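Trainee: Chains A and B are the protein sequences, given in the same order. Going by numbering that gives the first Met the number 0, the residue at position 113 of the first sequence is 112; the numbering climbs one at a time, nothing skipped. Going by numbering that gives the first Met the number 0, the residue at position 330 of the second sequence is 329; the numbering climbs one at a time, nothing skipped. My structure is below; once you've seen it, I'll send some questions.
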Amino acid sequence: MNEPIPIAALNQYAYCPHRCWRMFCAGEFVENHYTIEGTDLHQRVHTVGENQREETWQIRAIWLKSEQYGLIGKSDLIEEVDDNLYPIEYKRGHKGEWDNDAMQVVAQALCLEEMTGKSITKGYVYYAQTHQRQEIEITSELRNKAIAAITEISQMMETGKMPPAIYGNRCKGCSLFTQCVPMAKEKVSKYKEGA
Amino acid sequence: MGTVYVSQDDSFIGKTDERLTVKAEKKQILDVPLIKIDGLVILGRATISPAAVIELLERKIPMSFMTGTGRFLGRLEPELTKNIFVRRSQWDAAGETPKAIHMVQAFVRGKLKNYRASLMRHLRDYPDNDLQKWIDDLERAIDSLATIKAIASLRGVEGHGSAVYWQAFPKLIRADGFSFTTRNRRPPIDPVNAMLSFGYSLLRHDVQGALNIVGFDPYLGYLHTERYGRPSLALDLMEEFRPLIVDAIVLSAINRKAIAPKDFTSEPLSKAISLSNEARKVFLTLYEQKKQSKFKHPVMGRQCTYQEAFELQARLLAKYLMDETDKYPPLVMK
């Protein structure tokens, strides 16, 4: 059995494999204002506690684990309504154009299924900025996508092989931008040194 | 962001809340938010509180310790990054490898091109100055670099190019009372050499800090060979910056008369020269101003300070070593 994959790595990998490598293989992490806000949010979320709100049982900040997929991580919130469990992941911002947050929810669902033996059909991402829950339907398509990502991440963590840094829209706001210098490849190849 | 230099003897460096404070002779002489600091250089005799040391390490701010005259004594560094891949690629390229040859060519080319540009700029300002033969000499040395594939021979070209530049260097000094015949050090025996050595010490603090942030082992270099206690990679990466930063400051301090011959004292017998306290402060200010000055980075095509350029060049070096780019472009300024 390899080192377990942090569930959060799935989110990073779906966002940018190179960023995922920097964080989980090279051990680089730099705070920027986005991540600091995120950490503050998670300090509230990451305090273990349970309560009953009307028909809903809530449990916060418990460990999730899957032997089958080699996953480990902490959940923000899990709710149970009418014997149905679903994971809720808290995010600072609003829904982005990448499905990275969904990947994280699917990975949590895979863990929960293995831990409880129940099948999980949906989950949510809670976006703090808009105070909205985005429902994630855990389709077989999403499951397959997450499982494929797990395999790729597992290989990356084992070999240490670095996925290329590709400059694009998502680089804006990335806390590893200064380390990554994603434009360098193109700039260096075009550069003609002065006499 | 900037470096804090503490040059007052018997100062006490401490931490109050989120600020670094310096006291001397029962007076507070500095109180600066830690968030504005990216380096601390302690010159001469000072005391620093453990709380301040811990805070600086946690914030990944390196500390360098130097003698009052600027001789480098040592550093206290935050932990290296966990990026083992950078260090592995650095070690893989060691020796007479194609990558090492490419980098040594680049370090030497960067330095000699910046030497040449400095002489040419001077010649434009003072057309009567007879610098052309040295410029031509440097040009030939630069041209020869691309075809030389042995690191020892590249070192030879670097040595020759440097000798040519230092021969021309006295011609760049245009204030009375300063003379320069040859580069000397350990200890420097004339004011110009004293300033150059001091400046290179400060530069080393900055370049080594940048290499550490990126995750390099500063002791494994390519142009500079391995020797106990010598930060060879820092010396390698310093080469392209020497003329751009230190030599430029020394010349401008002299020629604009910011520092005068009377600002130096000479030891008996050894003739070792050092700057007066006041002149040292002037020099430190000039150095900090230079580091914060902006220019357009020729590769990245954006505004950047020299302080940022140290780290950027270190990142470009890491990218070359890790096969992300096909060359290492030294910082060459026109």
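Beta carbons: idealized from backbone N, C-alpha and C, even for Gly. In this text the structure is predicted, and so the values were computed from the model without any measurement.
Going by CA-CA distance only, name the one from B:I100, B:Y164 and B:F177 that's closest to L153 (chain B).
Mentor: Of B:I100, B:Y164 and B:F177, the residue nearest in Cα terms is B:I100.
Trainee: Determine the chain A residues that contact K334 (chain B) at a beta-carbon separation under 8 angstroms, and present them in chain order.
Mentor: Absent from the structure is residue 334 (chain B), since the part of chain B shown begins at 0 and ends at 333.
Trainee: Throw me the rounded Cβ distance for the P260 (chain B) and F197 (chain B) pair, which I believe falls under 8 angstroms.
Mentor: With a Cβ gap of about 16 angstroms, P260 (chain B) and F197 (chain B) do not count as contacting.
Trainee: Of all the options B:P61, B:I47, B:L236 and B:T46, which has the alpha carbon lying nearest to the alpha carbon of I36 (chain B)?
Mentor: B:P61
Trainee: Under 8 angstroms, with one C-beta from each stretch per pair, do the stretch 252-268 of chain B and the stretch 207-219 of chain B reach the 3-pair mark?
Mentor: no
Trainee: Counting only C-beta atoms, is V180 (chain A) closer than 8 angstroms to chain B at any point?
Mentor: yes
Trainee: Does the CB of A164 (chain A) have a neighbour CB from chain B at under 8 angstroms?
Mentor: A164 (chain A) counts as touching chain B.
Trainee: Out of B:K270, B:L111, B:L243 and B:V156, which one is the CA nearest neighbour of A193 (chain B)?
Mentor: Out of B:K270, B:L111, B:L243 and B:V156, B:K270 has the C-alpha closest to the C-alpha of A193 (chain B).
Trainee: Got a sec: is the Cβ-Cβ distance from S188 (chain A) to anything in chain B below 8 angstroms?
Mentor: yes
Trainee: State the DSSP-derived secondary structure class of R203 (chain B), mapped to helix, strand or coil.
Mentor: Note: R203 (chain B) maps to helix in three-state DSSP.
Trainee: Taking the Cβ atom as the reference point for each residue, do P297 (chain B) and V245 (chain B) lie within a distance shorter than 8 angstroms?
Mentor: no
Trainee: Report yes if the CB atom of L130 (chain B) is closer than 8 angstroms to the CB atom of K170 (chain B), and no otherwise.
Mentor: At the C-beta level, L130 (chain B) and K170 (chain B) come within 8 angstroms of one another.
Trainee: Going by the beta-carbon positions, is the gap between G159 (chain A) and C24 (chain A) smaller than 8 angstroms?
Mentor: yes
Trainee: Tell me the rounded alpha-carbon separation between T66 (chain B) and R87 (chain B).
Mentor: In this structure, the CA atom of T66 (chain B) is about 34 angstroms from the CA atom of R87 (chain B).
Trainee: Just curious, the alpha helix (DSSP H) that T284 (chain B) is in, first and last residue?
Mentor: For T284 (chain B), the enclosing alpha helix (DSSP H) begins and ends at N276 to Q291.
Trainee: With a 10 Å radius around its C-beta and 16 neighbouring C-beta atoms as the bar for buried, classify V47 (chain A) as buried or exposed.
Mentor: Flag for V47 (chain A) reads exposed.
Trainee: Applying the 10 Å Cβ sphere with the 16-neighbour rule, what's the burial state of L202 (chain B)?
Mentor: buried
Trainee: Among the residues of its own chain, which have a CB less than 6 angstroms from the CB of S275 (chain B), if the five just before and after it don't count?
Mentor: D262.
Trainee: Please compile the residues from chain A whose C-beta is within a distance smaller than 8 angstroms of the C-beta of F84 (chain B).
Mentor: C24, A25, G159 and M161
Trainee: List the residues of chain B that A8 (chain A) touches, going by C-beta distances under 7 angstroms, in chain order.
Mentor: Simply none; closest approach about 15 angstroms.
Trainee: According to DSSP, simplified to helix, strand and coil, what is P328 (chain B)?
Mentor: It is coil, neither helix nor strand.
Trainee: Once you ignore the five residues that flank A105 (chain B) on each side, which residues in its own chain have a CB closer than 6 angstroms to its CB?
Mentor: Y327 and P329
Trainee: Assuming R18 (chain B) is part of the beta strand (DSSP E), what are its boundary residues?
Mentor: R18 to A23
Trainee: Assuming I4 (chain A) and I152 (chain A) form a contact by the criterion Cβ under 8 angstroms, report the distance between their Cβ atoms to the nearest whole angstrom.
Mentor: 5 angstroms
Trainee: Determine, for K171 (chain A), whether the minimum Cβ-Cβ distance to residues of chain B falls below 8 angstroms.
Mentor: By this cut-off, K171 (chain A) is not an interface position.
Trainee: Near I28 (chain B), which residues of its chain fall below 8 angstroms by C-beta distance, leaving aside the five closest residues on each side in sequence?
Mentor: Q7, S10, V21 and K22
Trainee: Quick check: does the Cβ of A313 (chain B) come within less than 7 angstroms of any heavy atom belonging to the ligand NAP?
Mentor: Absent from the structure shown: the ligand NAP. Ligands present: none.
Trainee: Tell me which residues share the same chain as E54 (chain A) and place their Cβ nearer than 8 angstroms to its Cβ, disregarding the 5 neighbours each side in the sequence.
Mentor: Excluding sequence neighbours, E54 (chain A) sits near V80 and D81.
Trainee: CB I119 (chain A) to CB Y89 (chain A), shorter than 8 angstroms?
Mentor: Pairing I119 (chain A) with Y89 (chain A) gives a Cβ-Cβ distance that is not under 8 angstroms.
Trainee: What residues of chain A sit near V249 (chain B), judged by a beta carbon separation below 7 angstroms?
Mentor: Going along chain A, no residue has its Cβ under 7 angstroms from V249 (chain B), so there is no contact; the nearest lies around 24 angstroms.
Trainee: By the three-class DSSP mapping on this structure, what secondary structure does V163 (chain B) have?
Mentor: For V163 (chain B), the three-state secondary structure derived from DSSP is helix.
Trainee: Do you know whose CA, among B:R115, B:E239, B:Q207 and B:R58, lies nearest S231 (chain B)'s CA?
Mentor: B:Q207
Trainee: Whose Cβ in chain A lies nearer than 7 angstroms to the Cβ of V298 (chain B)?
Mentor: Those within 7 angstroms of V298 (chain B) in chain A are K186, V187 and Y190.
Trainee: 8 angstroms is my cut-off, CB to CB: does E20 (chain B) come that close to chain A?
Mentor: Note that residue 20 (chain B) is Thr in the sequence shown here, rather than Glu. No - not a single Cβ of chain A is within 8 angstroms of the one on T20 (chain B).
Trainee: If we count the other Cβ atoms within 10 Å of its Cβ and call it buried at 16 or more, is A162 (chain B) buried or exposed?
Mentor: exposed
Trainee: Name, please, each residue of chain A whose Cβ falls closer than 8 angstroms to the Cβ of L315 (chain B).
Mentor: V180, A183 and V187
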